[in-house]
Amino acid sequence: MHSRTESGLVGEDVYRAIRRDIIFGQLDAGARLRLERMKADYGASVSTIREALSRLATEGLVHATGQRGFSVAPMSETELREIADLRILVECHALGLSIDAGDTEWEGGIVSAHHKLSRMEDRMAAGETSVREVWKQYDWEFHQALISACGSRALMEVHGTVFDKYLRYQMRRLTYRGATASREHRALLDAALDRDAPRAQSILRTHIEGGVAHSLGEVLAVNL
0 MHSRTESGLV GEDVYRAIRR DIIFGQLDAG ARLRLERMKA DYGASVSTIR EALSRLATEG
60 LVHATGQRGF SVAPMSETEL REIADLRILV ECHALGLSID AGDTEWEGGI VSAHHKLSRM
120 EDRMAAGETS VREVWKQYDW EFHQALISAC GSRALMEVHG TVFDKYLRYQ MRRLTYRGAT
180 ASREHRALLD AALDRDAPRA QSILRTHIEG GVAHSLGEVL AVNL
């Protein structure tokens, strides 16, 4: 029993590590994933690596190419726009549900999440690029907090997957939009606390579309 549990934990850790490296650009788009090399890099067996890559293939982050094995999913302007459209659809719907159902605990959660994000945005604005991963983690936490009262675990899971795919494009290069994004986050918080779902959804749509435009400018500069 102990060995099976230990094996499961190792497999989950490896999956998360590879997933993170893809999202944060440590593994380049289109790169072939050689199992023997990954075995050494991640300290796991070939079978464990293969299982993790198969899971990532179902998420669209890895491509399985028959006899050629696995490769990191490519990136394209078309896919980014499709992911952004899906994020708008999912997140705006979840946001409306969450604003309608959220209680005082929910309000406290979004205020706390925004406080952490705003502090990290201040540091990014000051040029502290070393905190970019923490900044994006807090960005994710804020958006998750906003929709956390939607009442649907499935909707939350879909949003998490879509957000991570979107994040992969943002992390291709450092794409901090500065004061514009910070103002939008604050406006989102205010609209949510005012229980104004249409206003919050409009701000969110503008926020995501602005992020896409900025990301495309950065990503295309390094040949998507």
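Counting from 1, position 46 in the sequence shown corresponds to residue 45 in numbering that gives the first Met the number 0; the numbering is continuous, with no gaps.
Glycine included, every Cβ here is placed at the ideal spot set by N, Cα and C.
Under the three-state reduction of DSSP, Ser70 is assigned to strand.
Setting aside the 5 residues that flank it on each side, Leu192 is surrounded in the same chain by Glu106, each with a C-beta closer than 7 angstroms to its C-beta; the list follows chain order. Per DSSP, Val130 is not a residue of any beta strand (DSSP E), being assigned neither H nor E. Exclusion of the five residues before and after Glu50 leaves Gly10 as the residues of its chain whose Cβ lies within less than 7 angstroms of its Cβ. Beta-bridge annotation (DSSP): Arg31 is paired with Ser70. Contact between the segment 63–74 and the segment 136–147 is absent, with fewer than three C-beta pairs closer than 8 angstroms.
Here Thr205 really is in contact with Glu183; their C-beta atoms are around 7 angstroms apart, less than 8 angstroms.
Proximity to Gly210 across Lys135, Thr47, Gln25 peaks at Lys135, based on C-alpha coordinates. Following the DSSP letters along the chain, one finds Ala125 in no beta strand (DSSP E), marked with neither H nor E. In the displayed model, Ala63 falls within a strand according to three-state DSSP.
Residue state for Cys91 is assigned as helix, using DSSP reduced to three classes. Put simply, of Asp99, Leu79, Val13, Ile87 the residue whose alpha carbon is nearest the alpha carbon of Ser201 is Ile87. Ala83 has its alpha-carbon roughly 7 angstroms from the corresponding atom of Tyr165.
Sorting Ser111, Ala28, Ile17 by C-alpha distance to the C-alpha of Arg36 places Ile17 at the top. Pairing Gly24 with Gln169, the inter-Cα distance amounts to about 10 angstroms. For Leu32 against Leu52, the beta-carbon gap comes to about 6 angstroms, under 8 angstroms, which counts as contact.
By a beta-carbon distance limit of 8 angstroms, Ala196 contacts Leu94. Their separation comes to about 7 angstroms. When the beta-carbon positions are compared, Ile21 and Ser97 stay at least 8 angstroms from each other.
When DSSP states are grouped into helix, strand and coil, Phe162 belongs to the helix group.
Exclusion of the five residues before and after Arg80 leaves Val211 as the residues of its chain whose Cβ lies within less than 7 angstroms of its Cβ.
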